[in-house]
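Trainee: Here it is: the structure, laid out below.
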Amino acid sequence: MYDDRELILEAKHVTREFPASNNRTLLACNDVSLNLYKGKTLGLVGESGCGKSTFMRFLVSLDKPTSGEIIFKGKDITKLKGEELRQNRQHIQMVFQDPSGSFNPKMKVRDIICEPLLNFNRIKPSEKDATAKKFLKMVDLPESFADRYPHNMSGGQCQRVAIARAIALEPEIIVMDEATCALDVSVQKTIIELVVNLQKEKDITIGFIAHDLGLIQSFAHEIAVMYLGNIVEVLPGEDIGKNAMHPYTQALQGAIFDLNMDFSKKIESIDSEAPSPLDVPPGCPFQDRCEYCMDKCRKEHPKLVEVEKGHQVACHKFGQA
Amino acid sequence: MALLEIKNACISYGSREIVKDFNLTLEPGQLCSIVGESGSGKTTVIRAVLGLLPGGGKVTGGDILFEGNSLLGKSKEEWRKLRGTEISMIFQDSGAMMNPTRKIGASYVEYIRTHEKDISKQDAWDKAVRMLERMRLPSGDNIMRSYPFQLSGGMRQRVGIAMGMTYEPKLLLADEPTSALDVTTQAQIIRQFMELRDDFGTNIIMVTHNLGVAAYMSDYLIVMKDGLIEDQGDRDYILHHSENAYTKMLLDAVPSLGGERYV
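Protein sequence lines, in the order shown, are assigned to chains A and B. Going by our numbering, the letters in the first sequence line up with residues 10 to 330, in that order. Going by our numbering, the letters in the second sequence line up with residues -7 to 255, in that order.
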């Protein structure tokens, strides 16, 4: 089904360790390999602290991995420096979780949207007004918003402006870090619709971080589930809900409050919290919360194995023949 | 007799009327949810019940009755007897309500000793630890010795619930208790709320913007918009029989597995 897809970015064996107190290391990303395809959405799902934001920050060069490479346009972007790095930034843009926190509170919306364009000399200062209006229209905001300050807008409106700023440079990839989780569910829906329409129009690749499987399945082409720094399952977006295999993915599914669910049934969810990434146990990272845990899981780290086309699982239960 | 009765309450901040003609009758054993978008006045309503309206906020009309007695015009001393023991509240981020420079133990012991003047510090500490462990927090002692920022969001929320439930209040008000949490943690906390009702017989009023969560938990739902009650009814009515366009819009926005796909 994905034969027509065009590889745009390739992350190979990316690992990131942070130094912690007492000579320990915090393993935020452990050997993560993911691909982004042109015009497709990759959803990265996991609990807080599982390393999903850390990984996405590499793509926008906000941080560098300890080892591994990220290939974009034939170059390893983790090795870029100086002017080359600056020029590369216009191809990959980001939308942050807290919309108002990512704006300078003293700048008007017009300046916010046009700043990246001015930085790369794409427009002259005299064209600012017309450009800002063009982009506001694109994200379904009235033109009069150009004169507003961030504090005069609601969360959803701020997020629209943040999207306008991200698409202003016509990037090939946009990374969205929980871009909707601070919003009401009703506003969340309209933002997702906007993002999907922009993607279709401009053929943008999107890397979307979320913790809600219900949300991500509505618009992601491919979903990667992350747990304690490891990718535990990669599967096509439409397969989630019926074909997810990893016990962790199934636990995430069980935690969704669905309107069609059986209300008399007790909500199923894993009880304990994720262990600290400071002392990841040897073997499978999910062993202590998994109901199918076997002896092998405590000793051997499961590798991602392709179980069917486009579907990879890292679990000893599957495919380790 | 209804446990809580709100009759035609109008609430204003300064001269702006935020909530108009709000009515709610909570029968004993009921779990009620108030649903609406940001700015619809849902938090204002439950803050008014506990007399916690921020500066300038006032109930300008109607009445709020708790077990038949009006809550309006209570003195500071009367409120002190009521809050925590009869009615308590859980906030969106329980970490933010705790003093960040004091350990949880210090805050919790102070809280208990405010309500029980003659309890010793050691007894208060033990009581707190027991309560934390009842809320499924492992090693309560450790938690008492931590600062709020050392705990994860879900753990902080459990500490908040433990504190709120210490005196087994008849009425628990929860203001978006799971909005800042992961879906997995949200499921754990929601399950805990349901158990509170079974174990302690607590009545809960829950404020949320997620109709999916509200529908799972509540017997009765109130949909608010712009300070007015837009729609109300039991779960079956709201989910399947409501003709209200706004309710339908909210229902439609809940992300679900196997739901609509845009791609």
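Built from N, CA and C at the ideal position, the CB exists for glycine as well.
Considering only their Cβ atoms, is the gap separating glutamate 29 (chain B) from serine 163 (chain A) smaller than 7 Å?
Mentor: no
Trainee: When the Cα atoms are used, what is the spatial distance from alanine 330 (chain A) to glutamine 296 (chain A)?
Mentor: In this prediction, alanine 330 (chain A) scores a pLDDT of 45, lower than 50, which makes its location untrustworthy; no coordinate-derived value is stated.
Trainee: Quick one: grab the DSSP three-state call for valine 241 (chain A).
Mentor: strand
Trainee: Using the beta-carbon count (16 or more within 10 Å), is threonine 106 (chain B) buried or exposed?
Mentor: exposed
Trainee: Of all Cβ atoms in chain B, is any one closer than 7 Å to the Cβ of leucine 313 (chain A)?
Mentor: no
Trainee: When DSSP labels each residue in this structure, what does alanine 330 (chain A) get in the three-state scheme?
Mentor: The predicted position of alanine 330 (chain A) is uncertain, since its pLDDT is 45 and thus under 50; a value taken from the coordinates is nonetheless stated next. Three-state DSSP puts alanine 330 (chain A) in coil, outside helix and strand.
Trainee: Beta carbon of threonine 219 (chain A), beta carbon of isoleucine 225 (chain A): below 7 Å?
Mentor: First, the residue type needs correcting, since residue 219 (chain A) is alanine and not threonine in the sequence shown. Cβ atoms of alanine 219 (chain A) and isoleucine 225 (chain A): closer than 7 Å.
Trainee: With 7 Å as the threshold, decide whether the Cβ of valine 205 (chain B) is near any Cβ in chain A.
Mentor: yes
Trainee: Between which two residues does the alpha helix (DSSP H) holding asparagine 113 (chain A) run?
Mentor: Bounds of any alpha helix (DSSP H) do not take in asparagine 113 (chain A), whose DSSP letter is neither H nor E.
Trainee: Which of the three DSSP states, helix, strand or coil, is assigned to leucine 173 (chain B)?
Mentor: Here leucine 173 (chain B) carries a coil assignment [DSSP, helix/strand/coil].
Trainee: Roughly how far, in whole angstroms, is the beta-carbon of alanine 264 (chain A) from the beta-carbon of threonine 176 (chain B), given that I think they are within contact range, below 8 Å?
Mentor: 5 Å
Trainee: Going along chain A, which residues have a C-beta under 8 Å from glycine 145 (chain B)?
Mentor: Ser57
Trainee: Counting only runs that start and end within the stretch 181 to 249 of chain B, where is the beta strand (DSSP E) found for 3 or more residues in a row?
Mentor: 195 to 200, 212 to 217, 220 to 226
Trainee: To which residues of the same chain is glycine 165 (chain A) closer than 6 Å at the C-beta, ignoring the five residues directly before and after it?
Mentor: Leu192, Val196
Trainee: At which residue ranges does the stretch 10 to 67 of chain A contain complete beta strand (DSSP E) runs of 3 or more residues, listed in the order of the chain?
Mentor: 16 to 28, 34 to 46, 50 to 54
Trainee: On the three-pair Cβ rule with 8 Å, is the stretch 79 to 88 of chain A touching the stretch 124 to 133 of chain A?
Mentor: no
Trainee: In chain C, what lies closer than 9 Å to valine 194 (chain A) by C-beta?
Mentor: As a matter of chain content, chain C is missing from the structure shown, whose protein chains are A and B.
Trainee: Can you tell which of A:Gly110, A:Thr199, A:Phe105, A:Pro180 has its C-alpha closest to the C-alpha of aspartate 149 (chain A)?
Mentor: A:Thr199
Trainee: Counting only beta-carbon atoms, is alanine 173 (chain A) nearer than 7 Å to chain B?
Mentor: For alanine 173 (chain A), not one C-beta of chain B is nearer than 7 Å to its own C-beta.
Trainee: Does the structure place the stretch 93 to 105 of chain A close enough to the stretch 244 to 258 of chain A that three or more beta carbon pairs sit under 8 Å?
Mentor: no
Trainee: So with CB distances below 8 Å, who are the chain B contacts of isoleucine 224 (chain A)?
Mentor: Looking at the sequence itself, residue 224 (chain A) is leucine, so the reference to isoleucine does not match. Under the 8 Å cutoff, chain B gives Pro247.
Trainee: Just checking: is the beta-carbon of methionine 10 (chain A) within a distance shorter than 7 Å of some beta-carbon in chain B?
Mentor: The predicted position of methionine 10 (chain A) is uncertain, since its pLDDT is 46 and thus under 50; a value taken from the coordinates is nonetheless stated next. It does not; no Cβ of chain B falls within 7 Å.
Trainee: May I have the straight-line CA-CA distance separating serine 4 (chain B) from glutamate 187 (chain A), to the nearest angstrom?
Mentor: Rounded to the nearest angstrom, the two C-alpha atoms are 34 Å apart.
Trainee: DSSP three-state call for cysteine 299 (chain A): helix, strand or coil?
Mentor: coil
Trainee: Is any beta-carbon of chain A found at less than 7 Å from that of alanine 179 (chain B)?
Mentor: yes
Trainee: Identify the contact partners of lysine 198 (chain A) in chain B, using a Cβ-Cβ distance below 7 Å as the criterion.
Mentor: Neighbours of lysine 198 (chain A) on chain B, chain order: Ala245.
Trainee: Excluding five sequence neighbours on each side, which residues of the same chain lie with their C-beta closer than 8 Å to the C-beta of serine 227 (chain A)?
Mentor: Ile201
Trainee: Would you be able to state if there are at least three C-beta pairs under 8 Å between the stretch 214 to 234 of chain B and the stretch 10 to 26 of chain B?
Mentor: yes
Trainee: Output yes if chain B places a C-beta closer than 7 Å to the C-beta of phenylalanine 266 (chain A); else output no.
Mentor: yes
Trainee: Is there at least one Cβ from chain A nearer than 7 Å to threonine 176 (chain B)'s Cβ?
Mentor: yes
Trainee: Is histidine 160 (chain A) helix, strand or coil when you go by DSSP?
Mentor: helix
Trainee: Quick one: grab the DSSP three-state call for glutamate 136 (chain A).
Mentor: helix
Trainee: Quick check on tyrosine 9 (chain A): does DSSP put it in helix, strand or coil?
Mentor: Because chain A in this structure spans residues 10 to 330, residue 9 (chain A) falls outside the shown range and cannot be described.
Trainee: Answer yes or no: do serine 171 (chain B) and glutamine 84 (chain B) have a C-beta to C-beta separation smaller than 7 Å?
Mentor: yes
Trainee: Name the two residues that bound the continuous beta strand (DSSP E) containing alanine 40 (chain B).
Mentor: Not the beta strand (DSSP E): alanine 40 (chain B) falls in the alpha helix (DSSP H), residues 34 to 41.
Trainee: I believe glycine 52 (chain A) touches phenylalanine 266 (chain A) by the beta-carbon criterion, under 8 Å. Please report the beta-carbon distance rounded to the nearest angstrom.
Mentor: Their Cβ separation, rounded to whole angstroms, is 19 Å, which puts glycine 52 (chain A) and phenylalanine 266 (chain A) out of contact at 8 Å.
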